[in-house]
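If you want the working numbering, it's the 1-based position in the sequence shown plus 48. Heads up, the beta-carbon is just placed ideally off N, CA and C, and yes, glycines get one too. These figures come from a predicted structure and were not determined experimentally. Note sheet for the following structure.
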Amino acid sequence: MQVNILLDLKKDAKMFELLKYNSYWLKNLNRNPASIKEFKEEMKAKYHLRTTDKISDAIDNIDLISNVLSALK
């Protein structure tokens, strides 16, 4: 595996964890270093790190707070 990919993987604990549980990515990254982008996208989807996931979580939190405040009235 290329050094820059190894450094990229060690930098982020979530990527390392996903790699530990889905070891088929080791083979893919060894054979095709350009697949690191696909690996990062899968990691973001699995751990809900995409922008849309963050916005959805924020909306859910606002809705929860709104419901609690309306129940207290």
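Cβ neighbour criterion (16 or more within 10 Å) applied to residue i
i      : result
Leu126 : Since the first and last residues shown for the chain are 49 and 121, residue 126 lies out of range.
Leu55  : exposed
Met49  : exposed
Through-space distance from residue j to residue i, alpha-carbon basis
i      : j      : result
Glu89  : Lys102 : 15 Å
Lys94  : Ala119 : 34 Å
Ala124 : Lys68  : The question about residue 124 has no answer, for the chain in this structure spans 49 to 121.
Ile110 : Lys92  : 23 Å
Arg79  : Phe87  : 13 Å
Limits of the alpha helix (DSSP H) - the one that residue i falls within
i     : result
Asp60 : It is not in any alpha helix (DSSP H) - Asp60 carries neither H nor E in the DSSP assignment.
is_contact[residue i, chain C] using C-beta, thresh 8 Å
i     : result
Leu66 : Of the chains in the structure shown, none is chain C; there is only one protein chain.
- Item | Contiguous alpha helix (DSSP H) assignments of at least 4 residues, all confined to the region 70–118 | 72–79, 84–94
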